[in-house]
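Asks: Chains as they are written, first to last, in the UniProt record's numbering: chain C, 1 to 444; chain U, 1 to 444.
#1: Can you pull the chain U neighbours of residue 307 of chain C, defined as C-beta to C-beta under 9 Å?
#2: So which residues of chain C does residue 41 of chain U contact, with C-beta pairs closer than 9 Å?
#3: Residue 371 of chain C by DSSP, collapsed to three states: which one?
#4: Strictly below 9 Å CB to CB, what residues from chain C border residue 188 of chain U?
#5: Listed from N- to C-terminal order along the chain, which residues in the stretch 192 to 226 of chain U have their beta-carbon within a distance smaller than 8 Å of any beta-carbon of chain C?
#6: If you follow the beta strand (DSSP E) that residue 445 of chain U is part of, which residue opens it and which one closes it?
#7: In whole angstroms, give me the CA-to-CA distance for residue 442 of chain U and residue 163 of chain C.
#8: How would you label residue 8 of chain U, buried or exposed, when you count the other beta carbons within 10 angstroms and need 16 or more for buried?
#9: Please name the residue in C:421, C:372 and C:88 whose C-alpha comes closest to that of residue 431 of chain C.
#10: Roughly how many angstroms separate the alpha carbons of residue 294 of chain U and residue 171 of chain U, rounded to a whole number?
#11: In angstroms, rounded to a whole number, what distance separates the CA positions of residue 347 of chain C and residue 226 of chain C?
#12: What does residue 331 of chain U touch in chain C if you count any residue whose Cβ is under 9 Å from its own?
#13: Relative to the alpha-carbon of residue 396 of chain C, which residue among C:390, C:270 and C:369 has its alpha-carbon at the smallest distance?
#14: Can you confirm whether residue 111 of chain C, when its beta carbon is compared against all beta carbons of chain U, has any partner nearer than 8 Å?
#15: Leaving aside the five residues before and after residue 107 of chain U along the sequence, list all residues of the same chain whose C-beta is less than 7 Å from its C-beta, in chain order.
#16: Verify the CB distance criterion: does residue 233 of chain U have a CB-CB separation below 8 Å to chain C?
#17: Going by DSSP, name the residue or residues bridged to residue 361 of chain C.
#18: Is residue 360 of chain U buried or exposed, if buried means 16 or more other CB atoms sit within 10 Å of its CB?
#19: Residue 326 of chain C lies in the alpha helix (DSSP H); which residues open and close that run?
#20: May I ask you to report which of helix, strand or coil DSSP gives residue 6 of chain U?
#21: What did DSSP end up calling residue 378 of chain U once you bin it into helix, strand or coil?
#22: Looking at the unbroken beta strand (DSSP E) that takes in residue 164 of chain U, where does it start and where does it end?
#23: Measuring only the C-alpha atoms, how far is residue 433 of chain U from residue 404 of chain U?
#24: Check whether the stretch 265 to 272 of chain U touches the stretch 116 to 131 of chain U, counting contact only when three or more Cβ pairs, one atom from each stretch, lie closer than 8 Å.
#25: For residue 259 of chain C versus residue 213 of chain C, is the C-beta distance shorter than 8 Å?
#26: List the residues of chain U whose Cβ lies closer than 8 Å to the Cβ of residue 288 of chain C, in chain order.
#27: Put residue 88 of chain C into one of helix, strand or coil per three-state DSSP.
#28: Looking at chain C, which residues of the stretch 162 to 181 of chain U have a Cβ within less than 9 Å of any of its Cβ atoms?
#29: In three-state terms, what does DSSP make of residue 343 of chain U?
#30: Below 8 Å on the Cβ atoms is my contact criterion, and I expect residue 406 of chain C with residue 365 of chain C to pass it. Report the Cβ-Cβ distance as a whole number of Å.
#31: Using only alpha-carbon positions, find the residue among C:151, C:85, C:307 and C:102 that is nearest to residue 109 of chain C.
#32: Classify residue 21 of chain U as buried or exposed, calling it buried when 16 or more other Cβ atoms lie within 10 Å of its own Cβ.
#33: Can you list the residues of chain C that residue 151 of chain U reaches, using a CB-CB cut of under 9 Å?
#34: Determine the chain U residues that contact residue 297 of chain C at a beta-carbon separation under 9 Å, and present them in chain order.
#35: Could you tell me the distance, in whole angstroms, from the CA atom of residue 228 of chain U to the CA atom of residue 354 of chain U?
#36: Starting from residue 125 of chain C, follow the beta strand (DSSP E) in both directions and report where the run begins and ends.
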């Protein structure tokens, strides 16, 4: 069904279509219903849902969708003359979400999306499409749930050259790590509990292996540094190897363990290089990120004039995500929209990835070794030969199971590559009962 | 001197004039110089200083101002045809700052200001002037230094009905309280040290008595709740009565003491009422505000969909403040400007102040009493008669000085007015050697 309507103006309602009516889609409808009056006041005009599309029309979502036009084929939303903005809440980096997004922007309609995977993979193409069509492309909900951190970087820190952007970008991992910390339970048990409580997906790989955080980091880096989104070059390691013993050890040393995504631009003789990494880190108590518990997200941006800024809040959930989607819609209704990545797509630079081996770092290294004489000498000799200087070393008492003993250490500050080199010297050693775990210590 | 120039467009430079060249004014010039290229890219056009005004033309400010036109009379800036936006960094709620602001907006020029006192007192009038002239009025730097919290409330949480806005809004007080906490030193000594280090003004009254925080709170409340700025009805108490012994006592109970500004709207049978208060509070360790140290500021906004959001960063200083001023200028250059208080001035509601006496609260009460028999019975009887239920009570050992003994207690949750009533029963008692100190406990 297609209806004709007058061209949108700045006082006529902003007419939206929603594709995808999962918890977030239903949340957006509930929010627009609940806060309708206040939104119309702040936006300067009402925001009205006119059409929706999802897999199953009949499903009970707790909100009345019978009042909206229905499209079986979601891309039909992009062709409706009575729609100004399409809200894409389908998910997936490609497929129907991408097709709908291209069609919507191609038709000159605004696009609001919560789809971090799609923006991480196709953000540049979509931004150029949007700019060519003079249409809005907004994705506040793609990073940090309800935290206005895309806006924070795009507009709040816009006068700054950022030196660094980093943070806790995945609520599932943070829930797992902070629960392990609080309860002493093991990874697998906490993951199962998180799945039961809805804090982790049935297939948790994207979260616990760091891919979801990497999507978000790539988006933040692009906005923060004016670079093309470069998800492919994010170095990612997840939290699956972190044991409760590591968390206890870190605690004894004054640290917590958090999955941190961090990005910066390094000036090298060959020109600027972009470093993007997601990995579990030791975070000193006293650092603002050490106090971030549960499914909360937090992003730190360090600007050359602003200093360190922290944005923190619920990283997921239908309410917070709907709040971010609706904030984007209000911006569009207010006509406060510009380049999706802060500078026009054509001007985003393509930076090669940085090689961080020379960077100074303190590192936590944990070995699981055979409980036999000479092992400690073997480890320390390798570290010496790799030029790694040990600040503190803790050997746990005899293990209960299978003669396995944990040896944990913290290095003095030294080039990152030295740890890699030292561990290479130990490769193949039959003293090691597991791959050593290397966790950098986040600078204060 | 007046020059003529073409009407500003969205690609021509945004031409600004700066009134006031103290550390912040000089910081803005330094920022616009240092980050010029990046700002032009993000703003879509250059931002150029064309004219300045200050008290002393010859003073060395570390930046070259000879390249700019000079006006002895700062209100002349508002009359220059070659100026699009006036940046007011003079300070003071009235006088020259207000005259310049009125003249600039009256002439249809944008106004960017860091002047919290002026916005707290005259924000509504200036917003209406700006809206009538279709000119920008922006004041990100007025609250929270470099933290984009005005933007956070105006745009980031725009889809939410806020239930509460609160935070640490004065860096001087937070520096003093967190230093007292860390060192055990007394208020007067830490204040003197803060003055020596530049964290406190020579005349610190505005800061330590809570007035500065009240200015900021009134601005946040207006944006968060869509109300007319109502500084006159902020209930203010400062930190001058807080002793190091209170901080130690709070620490023993698991709390820190912070000066908190908080605002909410209460629905009463007589209609909505606005509550705004600034006062030292006990903040439980584990609350995000408890970890805010030194001159840092932090604001929490709780939305009905977003949940709790935290914005944190440097609350003052030339770099952070310049960052906020320049972010406002970039917004204006991008033409991303709307109602200064999020909704048009004519629609901001005038809410009567709320009476909080019935609200449930837990409270810390500290008495300094004569060291003689029966005093504890006198205190506890008054609390019983006021219907205050005591959760824990600590009587310090004998005092070194003058037979003064400290008795500190934490109440169970009960109506706020009961504590007031109980203390009224003790008024005039010669057992009390100082006015009792009442510090509410911030809910988690």
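Virtual Cβ for every residue (Gly too), placed ideally from N, Cα, C.
Bear in mind that the values here come from a model prediction, so they are computed numbers and not experimental data.
Replies: So, from the data block:
#1: As a first step, residue 307 of chain C is located in the first chain; it is residue number 307 there, counting from the start. Within 9 Å Cβ-Cβ: 145, 146, 313, 314, 317, 319, 320 and 323.
#2: Start at 1 with the first residue of the second chain, and residue 41 of chain U comes out as number 41. In chain order: 226, 342, 343, 344 and 347.
#3: To locate residue 371 of chain C, count along the first chain from 1; it is residue 371. Looking at residue 371 of chain C - three-state DSSP - the assignment turns out to be coil, as it is neither helix nor strand.
#4: Translated into positions along the second chain, residue 188 of chain U becomes position 188. None at all; the shortest Cβ gap to chain C is about 27 Å.
#5: Within the stretch 192 to 226 of chain U, the qualifying residues are 226.
#6: For chain U, the structure presents residues 1 to 444; residue 445 of chain U sits outside this window and is missing.
#7: As a position in the second chain, residue 442 of chain U is number 442, starting the count at 1. As a position in the first chain, residue 163 of chain C is number 163, starting the count at 1. Take the alpha-carbon of residue 442 of chain U and the one of residue 163 of chain C: they are about 35 Å apart.
#8: Here residue 8 of chain U refers to the residue found at position 8 when the second chain is read from its first residue. Below a pLDDT of 50, predicted positions are generally treated as unreliable, and residue 8 of chain U, at 45, falls in that range; the measurement from the model is reported next regardless. The Cβ neighbour count for residue 8 of chain U, taken over all protein chains shown within 10 Å, is at least 16; the residue is labelled buried.
#9: In the first chain, the residue the question calls residue 431 of chain C occupies position 431. Comparing Cα-Cα distances from residue 431 of chain C to each of C:421, C:372 and C:88, the minimum goes to C:372.
#10: In the second chain, the residue the question calls residue 294 of chain U occupies position 294. In the second chain, the residue the question calls residue 171 of chain U occupies position 171. Cα-Cα distance, rounded: 7 Å.
#11: Along the first chain, one-based indexing puts residue 347 of chain C at 347. Along the first chain, one-based indexing puts residue 226 of chain C at 226. Cα-Cα distance, rounded: 8 Å.
#12: In the second chain, residue 331 of chain U corresponds to position 331, counting from 1. Within 9 Å of the CB of residue 331 of chain U, the CB atoms of chain C belong to 155, 158 and 336, in sequence order along the chain.
#13: Mapped onto the first chain, residue 396 of chain C falls at position 396. It is C:369.
#14: Taking the first chain and counting its residues from 1, one reaches residue 111 of chain C at position 111. Chain U contact via Cβ: absent.
#15: For the purposes of this step, residue 107 of chain U is taken as residue 107 along the second chain, with counting starting at 1. For residue 107 of chain U, where only same-chain residues beyond five positions count, the Cβ hits under 7 Å are 78 and 79.
#16: As a working mapping, residue 233 of chain U is identified with position 233 in the second chain. False, the Cβ-Cβ gap to chain C never drops below 8 Å.
#17: To locate residue 361 of chain C, count along the first chain from 1; it is residue 361. Paired residues: C:414.
#18: For the purposes of this step, residue 360 of chain U is taken as residue 360 along the second chain, with counting starting at 1. Burial call: exposed.
#19: Looking up residue 326 of chain C in the first chain gives position 326. Residue 326 of chain C -> alpha helix (DSSP H) spans 318 to 333.
#20: As a working mapping, residue 6 of chain U is identified with position 6 in the second chain. For residue 6 of chain U, the predicted model reports a pLDDT of 41, less than 50, meaning its position is unreliable; a value from the coordinates is still stated below. Annotated three-state conformation of residue 6 of chain U is coil, per DSSP.
#21: Reading the second chain from its first residue, position 378 is the one you call residue 378 of chain U. The answer is helix: DSSP assigns residue 378 of chain U an H, G or I state.
#22: Counted from its first residue, the second chain places residue 164 of chain U at position 164. First-last of the beta strand (DSSP E) with residue 164 of chain U: 162 to 168.
#23: What you label residue 433 of chain U is simply residue 433 of the second chain in a count that begins at 1. What you label residue 404 of chain U is simply residue 404 of the second chain in a count that begins at 1. Roughly 7 Å between the two C-alpha positions.
#24: No, the stretch 265 to 272 of chain U does not touch the stretch 116 to 131 of chain U.
#25: Here residue 259 of chain C refers to the residue found at position 259 when the first chain is read from its first residue. Here residue 213 of chain C refers to the residue found at position 213 when the first chain is read from its first residue. Against a cut-off of 8 Å, the Cβ pair of residue 213 of chain C and residue 259 of chain C comes out as a contact.
#26: Taking the first chain and counting its residues from 1, one reaches residue 288 of chain C at position 288. Around residue 288 of chain C, the beta-carbon contacts reaching into chain U at under 8 Å are 291 and 312.
#27: The residue given as residue 88 of chain C occupies position 88 in the first chain. Of the three classes helix, strand and coil, the one that applies to residue 88 of chain C here is strand, per DSSP.
#28: Flagged: no residues at all.
#29: Taking the first residue of the second chain as 1, we reach residue 343 of chain U at position 343. Coil, per DSSP.
#30: Here residue 406 of chain C refers to the residue found at position 406 when the first chain is read from its first residue. Here residue 365 of chain C refers to the residue found at position 365 when the first chain is read from its first residue. With 8 Å as the limit, residue 406 of chain C and residue 365 of chain C do not qualify as a contact, their Cβ atoms being about 11 Å apart.
#31: Position 109 of the first chain, counted from the first residue, corresponds to residue 109 of chain C. Closest option to residue 109 of chain C, Cα to Cα, is C:85.
#32: One-based indexing of the second chain puts residue 21 of chain U at position 21. Buried.
#33: By one-based count along the second chain, residue 151 of chain U stands at place 151. Scanning chain C for C-beta atoms nearer than 9 Å to the C-beta of residue 151 of chain U yields 148, 151, 152, 155 and 156, reported in chain order.
#34: To locate residue 297 of chain C, count along the first chain from 1; it is residue 297. Proximity of chain U to residue 297 of chain C at the Cβ level (cut-off 9 Å) is not reached, the minimal Cβ distance being about 11 Å.
#35: Reading the second chain from its first residue, position 228 is the one you call residue 228 of chain U. Reading the second chain from its first residue, position 354 is the one you call residue 354 of chain U. The alpha-carbon separation between residue 228 of chain U and residue 354 of chain U amounts to approximately 15 Å.
#36: If you number the first chain from 1, residue 125 of chain C lands on position 125. According to the DSSP assignment, residue 125 of chain C belongs to no beta strand (DSSP E) but to the alpha helix (DSSP H) extending over 116 to 133.
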